[in-house]
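Taking my numbering, I'd label the letters of the sequence shown as residues 6 to 174.
In this text, a Cβ means the ideal position worked out from N, Cα and C, and glycines have one as well.
Take a look at the structure set out below.
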Amino acid sequence: MDPLRTLNPSNPLNILLAEDERSVAFSISFALKADGHKIEIVNDGEQAFSELTRNPGAFDVLITDHSMPRMNGVELVKRLRETAFRGKIVVLSAHLSAENRAAYLALGVDTMIPKPFDVYQLRAVIRQIGNGEATGTEAQTAELQASEVFRLLRLALPETEGSTDPVSS
């Protein structure tokens, strides 16, 4: 089986990719073009914002990195939410801390994928978007809430000196 064979999307998408690492941008572009999508690449958040506000209906999906020059992903999404852009937003990042994830969820991104990532996972997410399916934000919200509950429990339960088990006190 050819690993780059097309997933035959029922709805090819126009995608803006905001990624400052050329090799990552090339890999993503290559894989998604093989699936029939049209990809435009920009190198930072400022360029992405400019493209998306110049013609808000031109792109169905924004795929953005979090850490980019001139404007990070959170700021980009925050500013986009104040515009006419109504496309789907996918965040790819090695910097998805709990705080960043919470910020992206509050801003209503459609999905977040941590780097390093499997290109097949990204292709599947884009296929789901093209088919009008949910992309997993609900599961990500539940995971974030569970991790926050766990953190609060750890803070609330007293630790016994020399023990890592807070229940043994």
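- In the DSSP assignment, residue 47 forms a beta bridge with 23.
- For residue 95, no alpha helix (DSSP H) segment is defined; the enclosing uninterrupted segment is the beta strand (DSSP E) at 93 to 98.
- Beta-carbon to beta-carbon, residue 82 and residue 112 are separated by about 5 Å, close enough to satisfy the 8 Å threshold.
- Counted as a single uninterrupted DSSP element, the stretch harbouring residue 110 is not any beta strand (DSSP E) but the alpha helix (DSSP H) occupying residues 103 to 111.
- By the C-beta density criterion, residue 64 is buried, having at least 16 other C-beta atoms within 10 angstroms.
- Annotation for residue 81: the continuous alpha helix (DSSP H) segment containing it runs 78 to 85.
- Annotation: the continuous beta strand (DSSP E) that includes residue 67 extends over 66 to 70.
- As a beta-bridge residue in DSSP terms, residue 117 pairs with 96.
- Going by DSSP, residue 129 is part of the alpha helix (DSSP H) stretching over 124 to 135.
- Between residue 70 and residue 23, the C-beta spacing is below 8 Å.
- Residue 123 counts as exposed, since fewer than 16 other beta carbons sit within 10 angstroms of its beta carbon.
- By the Cβ neighbour-count rule, residue 89 is exposed, with fewer than 16 other Cβ atoms within 10 Å of its own.
- In this structure residue 68 does not touch residue 134 by the C-beta definition: roughly 10 Å separates them, more than the 8 Å allowed.
- Sequence-distant partners of residue 114 (beyond 5 residues in either direction) whose C-beta falls short of 8 Å from its own C-beta, in its chain, are 82, 94, 95, 96 and 142.
- Minimum Cα-Cα distance from residue 58 among the listed residues 46, 84, 77 and 37 corresponds to 84.
- Here residue 117 has 96, 101, 106, 109 and 145 as same chain residues with Cβ atoms under 7 Å from its own Cβ, once five neighbours each way along the sequence are excluded.
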